[in-house]
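Here's the structure, in structure tokens; my notes come after.
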Amino acid sequence: MLELKNVTFEAADENGGSKIITRDLSMTVGDNKFVVITGPNGSGKSTLARLIMGINQPTGGQILFNGRDITHASITERANLGISFAFQQPVRFKGLKVIDLLRIASKKELTVSEACTYLASVGLCAKDYINREVNASLSGGELKRIEIAMILARGSLLSIFDEPEAGIDLWSFSNLISVFETMRENIHGSILIISHQERILNIADEIVVIDCGSIREQGPKDEILPHILGTAAARIMCDGGAKISRKGGAANA
Amino acid sequence: MLDSVSKHILEEVADIHETPIGAYNFRVDGKSAGRQTTANIDITSKTDKPGIDVRIKPGTKHESVHIPVVLAESGIRETVYNDFYVGEDADVVIVAGCGIHNCGNQDSEHDGVHRFFLGKNSRIKYIEKHYGEGDGNGRRILNPVTEMYMEEGAVAELEMVQIKGVDSTKRTTVAKLDKDARLVVRERLMTHGSQYALSEYTVEMNGEGSSVDLVSRSVAREDSTQDYRSKVVGNAACAGHTECDAIIMDNAHVYATPELDANCIDAQLIHEAAIGKIAGEQLTKLMTLGLTESEAEEQIINGFLK
Ligand SMILES: Nc1ncnc2c1ncn2[C@@H]1O[C@H](COP(=O)(O)OP(=O)(O)OP(=O)(O)O)[C@@H](O)[C@H]1O
Ligand SMILES: [Mg+2]
Chain P
0 MLELKNVTFE AADENGGSKI ITRDLSMTVG DNKFVVITGP NGSGKSTLAR LIMGINQPTG
60 GQILFNGRDI THASITERAN LGISFAFQQP VRFKGLKVID LLRIASKKEL TVSEACTYLA
120 SVGLCAKDYI NREVNASLSG GELKRIEIAM ILARGSLLSI FDEPEAGIDL WSFSNLISVF
180 ETMRENIHGS ILIISHQERI LNIADEIVVI DCGSIREQGP KDEILPHILG TAAARIMCDG
240 GAKISRKGGA ANA
Chain S
0 MLDSVSKHIL EEVADIHETP IGAYNFRVDG KSAGRQTTAN IDITSKTDKP GIDVRIKPGT
60 KHESVHIPVV LAESGIRETV YNDFYVGEDA DVVIVAGCGI HNCGNQDSEH DGVHRFFLGK
120 NSRIKYIEKH YGEGDGNGRR ILNPVTEMYM EEGAVAELEM VQIKGVDSTK RTTVAKLDKD
180 ARLVVRERLM THGSQYALSE YTVEMNGEGS SVDLVSRSVA REDSTQDYRS KVVGNAACAG
240 HTECDAIIMD NAHVYATPEL DANCIDAQLI HEAAIGKIAG EQLTKLMTLG LTESEAEEQI
300 INGFLK
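Residue numbers (numbering that gives the first Met the number 0), protein chains in the order written: chain P, 0 to 252; chain S, 0 to 305.
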């Protein structure tokens, strides 16, 4: 499905120099696989997702999607080839409504009842939300759910979620897990989730641990999970190379 | 009696497909092209100058008045004076709108001066759409003047939209509010090409408990220029809020000059103004849903101006 070969991303830093954010990173996401990426704040997880979606362009290496080289393809091309991406921080729009976004996502004149099904799967009472503007009046958790509903509406081959659990209340957490499980059954595509949550790590086929922009370890869940749980308290800190700025807690929305 | 050009323009500015229900007055190319009155709403032509007087009886409810204007002949320039007398406790919808179809080389211009005299506790919803089309060299010019005189407890909701095809516009809106009167304005404006739009508001709150909420959203594209000026005066214990939110694109130019003037310690006046380009992350998000950059731009603008 997806293959990253020695992907590097170098960006300008605050001091007019440059820093390497993603370093020589190689990984694959197989067909029908459920892969979870984890790692400390600032380790480059979201950057990796943006590289796959085409929001950031790699400065080195290659990205293949179903055998096709998409390293320099535009965001739109990748979207239309079948890649979806739910942002860590969803975007607000003055004037666009939830139903408008779901329609754009599904690429058809979605009926209200179809749209409601997507909203209901992410635990939103559909009739209250369908005509709401996706603006500052929505709470962080509501926005996060709508972001996930858009990915459901797209039904792509590869769906990437960046910390989908952030801002979602505990009660809904098990529903969120079942959303991913159903999605996997229905779409027959691959799912790539960035998460810090043990319960999400637990349903993965494979886990990739990123630190300082490179892969520290990757492999089947049963192999990796015990390591992570063991080292969670003693995070490896970076020195030299990539400069990591540590932001708030793990669940910042 | 209406040709297809006029019919199309009526659809654009007044959502009229058939003859409307209720009172109406059509003006096409400087002449009256149809009028209907009702038991409660009377329309008469002015005798001293072009225009009409619309008298709405006190207590009239759930009725509407449509007064669309069409300019289809190139080179017509007119100023029309329409006065609305809304009786106490009446509650009506007034739909005005002007569409210009100019295929010729002469300028077409319609300047509508609308005055509203709102009686005690009356309510109106006023919808005004402006639209221009035609590929001649003649410019399409609209300079609407709206004046609102609001007695105690009167409520007016104004929806003013100008999205396409008007080359030059000077929009002047003046309102004077007595005790407990409330004015709500929603303006939507888009300019493109080398268009020029000036929108100027002067709202005086003279009575205790009066309030105004004025929100203008606009998009300036290509080489167009927009000039937004609002002046809100609080002469009593009142609440005023104005907001000007503009998206600027290409080589456009947007000025915003808000002015607040409080003459009473209990006047609460707020102005918010923002001018900026479309947020990059909004474009990115829509592109991840499969839209091209220009499709994403259209969606964002359409939503913003809805
Ligand atoms: N375009 C860019 N230019 C400069 N610096 C960047 C750019 N993109 C990301 N960074 C930096 O790279 C580092 C990694 O950021 P990234 O958002 O990928 O981390 P993350 O692993 O997703 O963290 P978190 O767990 O907090 O979400 C951060 O220090 C960030 O500031
Ligand atoms: Mg992140």
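Where is the CB? At the ideal position from N, CA and C, for every residue including glycine.
Because the structure is a prediction, the values reported are computed rather than measured.
Exercise. Do you know offhand how far S:K276's Cα is from S:Y23's?
Worked result: 41 Å
Problem set entry | the region 50-64 of chain P / the region 108-121 of chain P touching (three or more Cβ pairs under 8 Å) | no
For this session: Report the three-state DSSP secondary structure of P:T21 (helix, strand or coil).
Result: strand
Problem set entry | Where the alpha helix (DSSP H) containing P:A148 begins and where it ends | 139-153
For this session: Measure from the alpha carbon of P:L101 to the alpha carbon of each residue in S:E296, S:L288, S:L304, then state which is nearest.
Result: S:L288
For this session: My understanding is that S:E146 touches S:R114, with C-beta atoms under 8 Å, so please give their C-beta distance in whole angstroms.
Result: 5 Å
Exercise. To the nearest angstrom, how far is it from the Cα of P:G38 to the Cα of P:K44?
Worked result: 7 Å
Exercise. Start and end of the beta strand (DSSP E) containing S:E271?
Worked result: 266-275
Exercise. For S:A235, which option in S:D265, S:M248, S:S217 has the closest C-alpha, if you only look at C-alpha atoms?
Worked result: S:D265
Problem set entry | Other residues of its chain near S:D88: CB distance less than 8 Å, five sequence neighbours each side excluded | P57, G58, G118, K119, N120, S121
Exercise. Under the three-state reduction of DSSP, which class applies to S:A161: helix, strand or coil?
Worked result: The sequence shown places Gln at residue 161 of chain S, not Ala. Of the three classes helix, strand and coil, the one that applies to S:Q161 here is strand, per DSSP.
Problem set entry | Minimum Cβ-Cβ distance from P:A232 to chain S less than 9 Å | Reliability fails at P:A232, whose pLDDT of 41 lies under 50, so the model's placement of it is uncertain and no value is given.
Problem set entry | Residues in the region 104-123 of chain P having any Cβ partner in chain S nearer than 8 Å | A104, K106
Exercise. Apart from the five residues just before and just after P:S189, which ones in its own chain have a Cβ nearer than 8 Å to its Cβ?
Worked result: M0, L1, V28, G29, D30, N31, K32, F33, V34, L156, L157, S158
Exercise. Roughly how many whole angstroms lie between the Cα atoms of S:H100 and P:G53?
Worked result: 45 Å
Exercise. Measuring from the CB of P:S45, is there a heavy atom of ligand 2 at a distance below 8 Å?
Worked result: yes
Problem set entry | Where S:K305 falls: helix, strand or coil (DSSP) | coil
For this session: Can you tell me which of the three DSSP states P:F179 falls into?
Result: helix
Exercise. Should S:E221 be listed as close to ligand 2, given that the test is whether its C-beta is under 8 Å from any heavy atom?
Worked result: no
Exercise. Does the beta-carbon distance from S:I140 to S:R76 come in below 9 Å?
Worked result: yes
Exercise. Does any heavy atom of ligand 2 sit closer than 8 Å to the C-beta of P:D210?
Worked result: no
Exercise. Residue ranges of each beta strand (DSSP E) run of no fewer than 3 residues wholly in the region 62-135 of chain P, ordered along the chain?
Worked result: 82-85
Exercise. Hey, would you say P:I206 sits closer than 9 Å to P:L224, going by beta carbons?
Worked result: yes
Problem set entry | Beta carbon of S:R228 nearer than 9 Å to that of S:S198 | yes
Problem set entry | S:V4 versus S:R26: straight-line alpha-carbon distance, rounded | 14 Å
Problem set entry | Where P:S45 meets chain S, residues with beta-carbon distance less than 8 Å | In chain order: nothing, as chain S lies at least about 13 Å away.
Problem set entry | Start and end residues, alpha helix (DSSP H) containing S:H191 | It is not in any alpha helix (DSSP H) - S:H191 carries neither H nor E in the DSSP assignment.
Problem set entry | Interface residues of chain P facing S:E158 [CB-CB closer than 7 Å] | Under the 7 Å cutoff, chain P gives no residues; its nearest Cβ is about 15 Å from S:E158.
Problem set entry | For S:C102, the nearest candidate out of S:E72, S:V160, S:H129, S:D90 (CA to CA) | S:E72
For this session: Would you give the residue range spanned by the beta strand (DSSP E) that S:Q225 belongs to?
Result: 224-233
For this session: Quickly, what does DSSP pair S:N81 with across the bridge? List them, please.
Result: S:I51, S:H113
Exercise. For the region 275-295 of chain S, which residues have a beta carbon sitting closer than 8 Å to at least one beta carbon of chain P?
Worked result: A278, E280, Q281, T283, K284, L285, M286, T287, L288, G289, L290, T291, E292
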